[in-house]
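Below is one structure, written out as structure tokens; the observations come after it.
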Amino acid sequence: MAHTNVPRSTRRTRRRRAIAVTAAGLVIGLGAAGTALAVPESGGVAGTPCSAAARACVDLASDQAWILDDGAVSYGPVRVNHGGQGTETPTGDFEVYDKDQDHHSAEFDGAPMPWSVFFAPGGVAFHEGDRNSTSAGCVKLKGKDATVFFGKLDQGDRVEVR
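Right, dumping it as structure tokens:
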């Protein structure tokens, strides 16, 4: 646009409007993208609070966990116990990063943690344990369930904790 006959104040106002409209478009666009990213990528799995992308699902509110295969429940629900006040089990989406069939806690005087499947920072794992007491953040399972989770989960598998 030629601006030889347009006053400087009008040009400045037009420029500011153009910048404001562009910025508003970016904010709206990014807001929509953020909303789209929050939707589970593959839809939910019936009877669980998790997406079809999960391989393991934990529902802290109901003290239950499941193993999922291709967006369907293949094992569970099983009863679990988890972290207590001040040592809550973290919520979110994680990946299995290590497994140890005969793990002993370095943090808690060598406490046994058989069938450990580690998935969250700080050594949070699924493992066999007393389901009548809270943990320091881990998800405790009875013996049979712990062996199933250990056998079915591999490094890189997605774990969703809700």
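Residue 8 is where the sequence shown starts when you use the numbering used here, and the numbers rise one by one after that.
Every residue gets a Cβ at the ideal spot worked out from N, C-alpha and C, and that includes glycine.
Next item on the list: Could you check which residue in Pro84, Pro119, Phe115, Val85 has the C-alpha nearest to that of aspartate 107?
Entry: Translated into the one-based positions of the sequence shown, residue 107 becomes position 100. Of the candidates Pro84, Pro119, Phe115, Val85, the one whose C-alpha sits nearest the C-alpha of aspartate 107 is Pro119.
Margin query: Would histidine 134 and tryptophan 122 qualify as a contact pair, given that the criterion is a beta-carbon distance under 7 Å?
Written below: Position 127 of the sequence shown holds residue 134. Position 115 of the sequence shown holds residue 122. Yes, Cβ-Cβ distance for histidine 134 and tryptophan 122 is below 7 Å.
Item checked: Beta-carbon spacing of aspartate 164, arginine 62 below 7 Å -> The count along the sequence shown starts at 1 and reaches residue 164 at position 157. The count along the sequence shown starts at 1 and reaches residue 62 at position 55. The Cβ atoms of aspartate 164 and arginine 62 sit closer than 7 Å to each other.
Notebook entry, point to check: Is threonine 55 buried or exposed, if buried means 16 or more other CB atoms sit within 10 Å of its CB?
Noted result: In the sequence shown, counting from the first residue as 1, residue 55 sits at position 48. By the neighbour-count rule (16 or more Cβ atoms within 10 Å), threonine 55 is buried.
Next item on the list: With distances taken Cα to Cα, identify the nearest neighbour of valine 87 among Phe126, Ser69, Phe157, Ala143.
Entry: In the sequence shown, residue 87 corresponds to position 80, counting from 1. When each option's Cα is compared against that of valine 87, the closest is Ser69.
Checklist line | Neighbour-count burial assignment, threonine 96, 16 or more Cβ in a 10 Å radius | finding: Counting from 1 along the sequence shown, the entry for residue 96 is found at position 89. Buried.
Check: Do valine 85 and alanine 72 come within 7 Å of each other at the CB atom, strictly closer than that value?
Finding: As a working note, residue 72 is residue 65 in the sequence shown. As a working note, residue 85 is residue 78 in the sequence shown. Closer than 7 Å, so yes.
Notebook entry, point to check: Where does the unbroken beta strand (DSSP E) through alanine 63 begin, and where does it stop?
Noted result: Working through the sequence shown from its first residue, we reach residue 63 at position 56. Element bounds for alanine 63: 63 to 66.
Notebook entry, point to check: Which two residues bound the contiguous beta strand (DSSP E) that contains aspartate 164?
Noted result: As a position in the sequence shown, residue 164 is number 157, starting the count at 1. From DSSP, aspartate 164 is part of no beta strand (DSSP E); its letter is neither H nor E.
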